[in-house]
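J.: According to my numbering, the sequence shown is numbered sequentially starting from 18.
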Amino acid sequence: MTINQIKFPIYMTCIILAFIGACVFIYKYLMNKKIKKKDILLYVSMIVPFGLLGSLIVCYIIDKNMGLSSYIGCFVLILTSIFYEKVNPSKNLEYVRCTMLSMPLLYGISKLGCFFAGCCYGLPYNGLFSVTYSSGLNIPLFPIQLLESLVFIGLFIGLLFINKKHSKNIISITIIVCAFAKFALDFLRYDHLTKVITTNQIISLMLLFIVIVNMIRKKLLNK
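#1: For Leu225, which three-state DSSP category applies?
#2: Given a cut-off of 8 angstroms on the beta-carbon distance, is the pair Leu123 and Ala198 in contact?
#3: Taking the Cβ atom as the reference point for each residue, do Leu205 and Gly139 lie within a distance shorter than 8 angstroms?
#4: Report back the beta-carbon spacing between Phe159 and Ser147 to the nearest angstrom; my notes put them in contact at under 8 angstroms.
#5: Let me confirm a value: Lys103 is counted as buried when at least 16 other C-beta atoms fall within 10 Å, else exposed. Which label applies?
#6: Taking only three categories from DSSP, how would you classify Gly175?
#7: For the pair the region 154-169 and the region 178-186, tell me if three or more CB-CB distances fall below 8 angstroms.
#8: Identify which residue in Asn231, Asn155, Lys181 and Gly90 has its Cα closest to the Cα of Pro253.
#9: Since Thr112 and Tyr44 should fall inside the 8 angstroms C-beta cutoff, what is the C-beta to C-beta distance between them, to a whole number of angstroms?
#10: Since Gly38 is in the alpha helix (DSSP H), which residue starts that stretch and which ends it?
#11: Between the C-alpha atoms of Pro141 and Gln218, what's the straight-line distance to the nearest angstrom?
#12: Grab me the residues of Ser98's own chain with a C-beta within less than 6 angstroms of its C-beta, minus the 5 sequence neighbours each way, in chain order.
See below:
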């Protein structure tokens, strides 16, 4: 993005703001759970480089691309939280829980970067709020990035309310809700002009299947 003929790294700025927002939420969440401040700061200092560098490295290995993948970044952050939980256990998987809850916020803010950068764009669309990237396809497109941003920030707020009554199952609930939203919204991406189902949708379906089956299994075992 160019402002007054000066190139501004809007994409990376949004990514950094997304991590800052997620870290602030994690910090406040864990403080409310009476976890020691030094443990929280250590954890936060771990997840940022692990999330960014981990996603960059894995994306480069898979696609020879130095971009960021939402699902890969999510998996790296969750694995980091699980590792930290094992090394420095808290009550009831609080590190994993708060990291999972921060994912919709992290994703929602980061999609603003995709919108301004012109990546992950939507289907050809000539209606209200359509956007045209002169340096890209140069045709009117559906602003899927903005819709994803609104949906996932809305999910983040909604999941916070759900967590107050169903904190025990909030990890599974968050995965189900976010995976379903990701699956549905992907139909509005440009990739669907040439693909019946995208890689993101396949991953979403796998996550939904695994989590739902696991929830059913636990319910049957409890009976």
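In this text, a Cβ means the ideal position worked out from N, Cα and C, and glycines have one as well.
T.: Quick look at the numbers:
#1: In the sequence shown, the residue the question calls residue 225 occupies position 208. The answer is helix: DSSP assigns Leu225 an H, G or I state.
#2: Within the sequence shown, residue 123 is the residue found at index 106, counting from 1. Within the sequence shown, residue 198 is the residue found at index 181, counting from 1. Contact: no.
#3: The residue labelled residue 205 in the question sits at position 188 within the sequence shown. The residue labelled residue 139 in the question sits at position 122 within the sequence shown. Yes, the pair counts as a contact, with Cβ atoms nearer than the cut-off.
#4: Here residue 159 is taken as the residue at index 142 of the sequence shown, counted from 1. Here residue 147 is taken as the residue at index 130 of the sequence shown, counted from 1. 7 angstroms between Cβ atoms; contact.
#5: Reading the sequence shown from its first residue, position 86 is the one you call residue 103. Burial call: exposed.
#6: As a first step, residue 175 is located in the sequence shown; it is residue number 158 there, counting from the start. It is helical.
#7: no
#8: This structure leaves residue 253 out entirely; the chain is present only between 18 and 240.
#9: In the sequence shown, counting from the first residue as 1, residue 112 sits at position 95. In the sequence shown, counting from the first residue as 1, residue 44 sits at position 27. Contrary to the premise, residue 112 reads as Tyr rather than Thr in this sequence. Rounded, the Cβ-Cβ distance is 12 angstroms, inconsistent with contact.
#10: Residue 38 sits at position 21 when you count from the first residue of the sequence shown. It spans Ile27 to Asn49 - the alpha helix (DSSP H) in which Gly38 sits, taken as one unbroken run.
#11: Here residue 141 refers to the residue found at position 124 when the sequence shown is read from its first residue. Here residue 218 refers to the residue found at position 201 when the sequence shown is read from its first residue. When rounded, the distance between both Cα atoms is 20 angstroms.
#12: Taking the sequence shown and counting its residues from 1, one reaches residue 98 at position 81. Within the same chain, Ser98 has close Cβ partners Tyr112, Val113 and Thr116.
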